[in-house]
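Chain order of the listed sequences is G and V. With our numbering as the guide, the letters of the first sequence map in order to residues 2 to 248. With our numbering as the guide, the letters of the second sequence map in order to residues 2 to 248. Note that the Cβ used here is the ideal one computed from N, Cα and C, for glycine as well. Every value quoted in this text rests on a predicted model; they were computed, and no experiment measured them.
Protein chains: 2
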Amino acid sequence: MLPKVGTTRLCCEPFHSDFSNHLKLSVLGNHLLNCTEQHAAARGFGMANFNGESLTWVLSRLVVEMESMPQRDEWFEIDTWVEKVYRLFTDRNYAVRNQQGQVVGYGRSTWALIGMEDRKPIDLVSMHDGLLQQYTCPEQPCPIDKPARVKVTAAEPERSITAIYSDIDINGHVNSIRYIEHVLDLFSLDYLREHPLHRFEIAYVSESYFGDVLDFYVDHTDATHCQVEVRQHKDQSVVCRCKLDFK
Amino acid sequence: MLPKVGTTRLCCEPFHSDFSNHLKLSVLGNHLLNCTEQHAAARGFGMANFNGESLTWVLSRLVVEMESMPQRDEWFEIDTWVEKVYRLFTDRNYAVRNQQGQVVGYGRSTWALIGMEDRKPIDLVSMHDGLLQQYTCPEQPCPIDKPARVKVTAAEPERSITAIYSDIDINGHVNSIRYIEHVLDLFSLDYLREHPLHRFEIAYVSESYFGDVLDFYVDHTDATHCQVEVRQHKDQSVVCRCKLDFK
Numbered sequence: 002m003l004p005k006v007g008t009t010r011l012c013c014e015p016f017h018s019d020f021s022n023h024l025k026l027s028v029l030g031n032h033l034l035n036c037t038e039q040h041a042a043a044r045g046f047g048m049a050n051f052n053g054e055s056l057t058w059v060l061s062r063l064v065v066e067m068e069s070m071p072q073r074d075e076w077f078e079i080d081t082w083v084e085k086v087y088r089l090f091t092d093r094n095y096a097v098r099n100q101q102g103q104v105v106g107y108g109r110s111t112w113a114l115i116g117m118e119d120r121k122p123i124d125l126v127s128m129h130d131g132l133l134q135q136y137t138c139p140e141q142p143c144p145i146d147k148p149a150r151v152k153v154t155a156a157e158p159e160r161s162i163t164a165i166y167s168d169i170d171i172n173g174h175v176n177s178i179r180y181i182e183h184v185l186d187l188f189s190l191d192y193l194r195e196h197p198l199h200r201f202e203i204a205y206v207s208e209s210y211f212g213d214v215l216d217f218y219v220d221h222t223d224a225t226h227c228q229v230e231v232r233q234h235k236d237q238s239v240v241c242r243c244k245l246d247f248k
Numbered sequence: 002m003l004p005k006v007g008t009t010r011l012c013c014e015p016f017h018s019d020f021s022n023h024l025k026l027s028v029l030g031n032h033l034l035n036c037t038e039q040h041a042a043a044r045g046f047g048m049a050n051f052n053g054e055s056l057t058w059v060l061s062r063l064v065v066e067m068e069s070m071p072q073r074d075e076w077f078e079i080d081t082w083v084e085k086v087y088r089l090f091t092d093r094n095y096a097v098r099n100q101q102g103q104v105v106g107y108g109r110s111t112w113a114l115i116g117m118e119d120r121k122p123i124d125l126v127s128m129h130d131g132l133l134q135q136y137t138c139p140e141q142p143c144p145i146d147k148p149a150r151v152k153v154t155a156a157e158p159e160r161s162i163t164a165i166y167s168d169i170d171i172n173g174h175v176n177s178i179r180y181i182e183h184v185l186d187l188f189s190l191d192y193l194r195e196h197p198l199h200r201f202e203i204a205y206v207s208e209s210y211f212g213d214v215l216d217f218y219v220d221h222t223d224a225t226h227c228q229v230e231v232r233q234h235k236d237q238s239v240v241c242r243c244k245l246d247f248k
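1) Can we say the stretch 91-98 of chain G touches the stretch 110-118 of chain G, given the rule of at least three CB pairs closer than 8 Å?
2) Might you give, ordered along the chain, the residues of its own chain that have their beta carbon closer than 7 Å to the beta carbon of Arg-160/V, omitting 5 neighbours on each side?
3) If you draw a straight line from the C-alpha of Phe-247/G to the C-alpha of Cys-241/G, how long is it?
4) Give the secondary structure of Ala-42/G by DSSP, where H, G and I count as helix, E and B as strand, and everything else as coil.
5) To the nearest angstrom, report how far apart Val-126/G and Leu-133/G are at their CA atoms.
6) Just the chain V side, please: which residues come within less than 7 Å of Leu-190/G by C-beta, in chain order?
7) Identify each residue in the stretch 59-74 of chain V for which the Cβ-Cβ distance to at least one residue of chain G is less than 8 Å, and report them in chain order.
8) Where does the unbroken alpha helix (DSSP H) through His-183/V begin, and where does it stop?
9) Identify the contact partners of Met-48/V in chain G, using a Cβ-Cβ distance below 9 Å as the criterion.
10) Relative to the alpha-carbon of Pro-139/V, which residue among Leu-11/V, Lys-85/V, Ala-43/V and Leu-190/V has its alpha-carbon at the smallest distance?
11) Under 7 Å Cβ to Cβ from Asp-170/G, same chain only, skipping five residues before and after it: list those, please.
12) Which bits of chain G does Asn-99/V rub up against, with CB to CB less than 9 Å?
13) Taking the alpha-carbon of Pro-71/G as reference, which of Arg-88/G, Gly-106/G and Leu-215/G has the nearest alpha-carbon?
14) Please name the residue in Pro-15/G, Thr-8/G and Met-48/G whose C-alpha comes closest to that of Tyr-60/G.
15) Tell me which residues of the stretch 7-38 of chain G have at least one Cβ-Cβ distance to chain V shorter than 8 Å, keeping chain order.
16) Listing by chain order, which chain G residues have their CB less than 7 Å from the CB of Glu-182/V?
17) Could you check which residue in Arg-232/V, Gln-228/V, Cys-227/V and Glu-54/V has the C-alpha nearest to that of Ser-209/V?
18) Got a sec: is the Cβ-Cβ distance from Ile-79/G to anything in chain V below 9 Å?
19) How close, in whole Å, do the beta carbons of Gln-100/V and Trp-76/V come, if the pair is a contact with beta carbons under 8 Å?
20) Residues of chain V with CB under 9 Å from Gly-173/G, in chain order?
21) Buried or exposed: Ser-18/V, going by 16 or more other Cβ atoms within 10 Å of its Cβ?
22) Where Ala-149/V and Lys-152/G are concerned, what is the direct C-alpha to C-alpha distance, given to the nearest angstrom?
23) Quick one: which chain V residues come within Cβ less than 8 Å of Asn-176/G?
24) Can you confirm whether the stretch 141-148 of chain V touches the stretch 36-56 of chain V when touching is taken to mean that 3 or more C-beta pairs between the two stretches lie within less than 8 Å?
25) When the Cα of Glu-157/G is compared with those of Leu-34/G, Asp-220/G, Ala-43/G and Ala-204/G, which residue comes out closest?
26) If I follow the unbroken beta strand (DSSP E) through Tyr-192/V, where does it start and stop?
27) State the CB to CB distance for the pair Arg-73/V and Asn-31/V, rounded to an integer number of angstroms; the pair is presumed to be in contact (CB under 8 Å).
28) In angstroms, rounded to a whole number, what distance separates the CA positions of Asp-213/G and His-234/G?
29) Near Ala-96/V, what residues of its chain come up, given a Cβ to Cβ distance below 6 Å and the 5 sequence neighbours on each side ignored?
30) Check the Cβ of Asp-186/V against every Cβ in chain G and list those closer than 9 Å, keeping chain order.
31) Who are the neighbours of Leu-193/V on chain G, taking C-beta pairs under 9 Å?
32) Is Ala-113/G helix, strand or coil when you go by DSSP?
33) Is there at least one Cβ from chain C nearer than 9 Å to Cys-12/V's Cβ?
34) What are the boundary residues of the alpha helix (DSSP H) that His-129/G is part of?
35) Is Ser-207/G closer than 9 Å to Ser-238/G when the C-beta atoms are compared?
36) Apart from the five residues just before and just after Gly-7/V, which ones in its own chain have a Cβ nearer than 6 Å to its Cβ?
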């Protein structure tokens, strides 16, 4: 049996950093998802293992809280492990260590495993004779808050976009990470220079597709906190909700 | 002295593929640029080596021609080498090999090395006692056409975007690769499903910045060929020109 915690070593490539010379949150988000799949696949419960059963993991929530982001050319490591298994969801956590081995941030995610055809969730506790539970590691520290409940009251959207080629993943949906990019794109460089992002939470509610028009409603709670709700323009149904804490 | 050709092994990560399950061209483009910097830095002429001299490499042209794109979870390798050194430009080529070791595509790029302050190009032939020339490797095959001259006649833009946070790199410019994403975003999934991209050329003419409105003018030469010119909305000055060949 492999260790419960999986570790991946990565580099902040020159073309993965933003205007401030730090790793883009969207690139880190992609790394977290890729580390998730690597960790799970190596232990028998990755998407690669379930292709025959027509099952797929669906990301329900993601929280990333960083004290500092890796800078360009710096190496860093991502640890990931399963914190807990519920019947329909599993919590998976992350720790990010910088080149000096110091933990510089943590992440939390919640996933469901669903049938590709019927989109119904699988019982994770009993799945494959409790395989997933064998790897739970609740003792591993992840000292950041669980995601909060987000409620946005803004009456008008701050921005609208149409989902296009770059947004779409293999399932025909807008890629989970692209929402993070689109939400950060609501802010000016001047604002982000003064207020680096500290924590980003996202809860995925429903899928969106190529050609969908998405409205971004924003509540600016105070100078360094805001909440964003992304809705389908056509029927105002909620696609995802985010909470951002800046420094 | 290190070998003239540098090789990097990469994987098509699950979250780096597009709707068709193939590596996104923009991700491949980022890989090519990162391989460039790794190759150059290891041999003493990367951006990392020139920081003290306040010099930076600037990408002038990029061509990528792929017979097939790596698919999700496939490993692939990128070779890169310097083809030729001119006084103000250097040509660098790429070959992409799939998991079975077959070459599945090539790339060509042209770079200048400029002063960060005065933006003037450095003489590459004499630079560092001809260091760059020691690594030229004109005999290495790169059997794809050099870039063509692009001339777009469309009278109206097909799309306009405003450059935002995700577009901007450390120099405050729109990132070279983001133009590729924006250009591919002109096409529908239906079109791209029928006509996978075969070749993409881009020539960079001038920089654009946060907040700039960019107009995309498109000539659809025929069913599988088109040319795109990106212009500043404010004064219609050209930012870059592209040529796309689909299958």
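Result, derived from the coordinates:
1) yes
2) Leu-187 and Phe-217
3) 20 Å
4) Three-state result, Ala-42/G: helix.
5) In a straight line, the C-alpha of Val-126/G is about 7 Å away from that of Leu-133/G.
6) Tyr-166, Ile-169 and Phe-211
7) For the stretch 59-74 of chain V, the set of positions with a beta-carbon nearer than 8 Å to some beta-carbon of chain G reads Arg-73 and Asp-74 in chain order.
8) 177-185
9) Going along chain G in sequence order, the residues near Met-48/V (Cβ under 9 Å) are Pro-15.
10) Of the listed residues, the one whose Cα sits closest to Pro-139/V is Lys-85/V.
11) Asn-176
12) Under the 9 Å cutoff, chain G gives no residues; its nearest Cβ is about 18 Å from Asn-99/V.
13) Gly-106/G
14) The sequence as given places Leu at residue 60/G; Tyr does not occur at that position. Selected option, being the one with the closest Cα: Met-48/G.
15) Glu-14, Pro-15, Phe-16, His-17, Ser-18, Asp-19, Phe-20, Ser-21, Asn-22, Lys-25, Ser-27, Asn-31, Leu-34, Asn-35 and Glu-38
16) Residues of chain G passing the Cβ test: Ser-167.
17) Arg-232/V
18) No, Ile-79/G lies away from the interface with chain V (no Cβ there is under 9 Å from its Cβ).
19) So it is a contact: roughly 5 Å between Cβ atoms.
20) Phe-20 and Leu-190
21) buried
22) 53 Å
23) Phe-16
24) Flag = no, the stretch 36-56 of chain V and the stretch 141-148 of chain V do not touch.
25) Asp-220/G
26) Run containing Tyr-192/V: none in the beta strand (DSSP E); it sits in the alpha helix (DSSP H), 190-195.
27) In fact, because the Cβ distance is near 17 Å, the residues do not count as touching under 8 Å.
28) Distance between the alpha carbons of Asp-213/G and His-234/G is about 8 Å.
29) Asp-80, Val-104 and Tyr-107
30) Ile-165, Tyr-166, Ser-167 and Asp-168
31) Tyr-166
32) strand
33) Among the chains of the structure shown, chain C does not appear; the protein chains present are G and V.
34) It spans 128-135 - the alpha helix (DSSP H) in which His-129/G sits, taken as one unbroken run.
35) Taking 9 Å as the cut-off, the Cβ atoms of Ser-238/G and Ser-207/G count as close.
36) His-40 and Thr-81
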